[in-house]
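Read the structure below first, then the notes.
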Amino acid sequence: GQIYRHVPVLDTGARGSTTTFAQRGIGDVLLAWENEAFLALDELGSGKFDIVVPSVSIKAEPPVSLVDGNVDARGTRKVAEAYLQYLYSDVGQKIAAKHYYRPFKPEAADPADLKRFPKLKLVTIADFDGWKTAQPKYFGNGGVFDQIYKKGQ
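Okay, structure coming up:
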């Protein structure tokens, strides 16, 4: 709760949090996606703040999908499927790494882009006994998040 109590602005998303911290100068510390921190350095200059990388981090694997009802209603299924396939192609992975996303296929990325990523141990949801266990423990009613949130109010 102590950390949460010191959050002056709780933005609804990563980009908003980065903007609040990096451009508006609100807050002492930003906890952000790796790509957001690197993009902020690109946009604002390397002397504005330091990126501190933990030795261990959670491997974020946000899902990417198409919604059948939406693509069928709009007639965009072919282009949506092509986009999904492109994301994980060698070319797509090379572009991802160039824009500070750790590539799913590092062998497809430019070695110079890969050098920007600090070495760290990545844990997955499996290290927390899977979503079936982690969801209620950390995010369910009365879970760890609720406990932190309530203490911070």
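Counted the way my numbering counts, the sequence shown spans residues 495 to 647.
In this text, a Cβ means the ideal position worked out from N, Cα and C, and glycines have one as well.
All figures in this text were calculated on a predicted structure; none of them were measured in a lab.
Item                                                                                                                         : Value
Member of Ser511, Gln629 and Asn529 whose CA lies at the smallest distance from the CA of Val523                             : Ser511
DSSP-derived helix/strand/coil call for Phe550                                                                               : Note that residue 550 corresponds to Val in the displayed sequence, not to Phe. The answer is strand: DSSP assigns Val550 an E or B state.
Contact set for Arg509: own chain, Cβ-Cβ below 8 Å, skip 5 residues either direction                                         : Glu530
Beta-carbon contacts of Leu608 that lie in its chain and below 7 Å, excluding the five residues immediately before and after : Ala591 and Pro600
Alpha-carbon to alpha-carbon, Leu581 and Asp562                                                                              : 19 Å
For Pro612 and Gly541, the rounded distance between their alpha carbons                                                      : 19 Å
Distance between Ala603 and Ile545 (C-alpha atoms, nearest Å)                                                                : 22 Å
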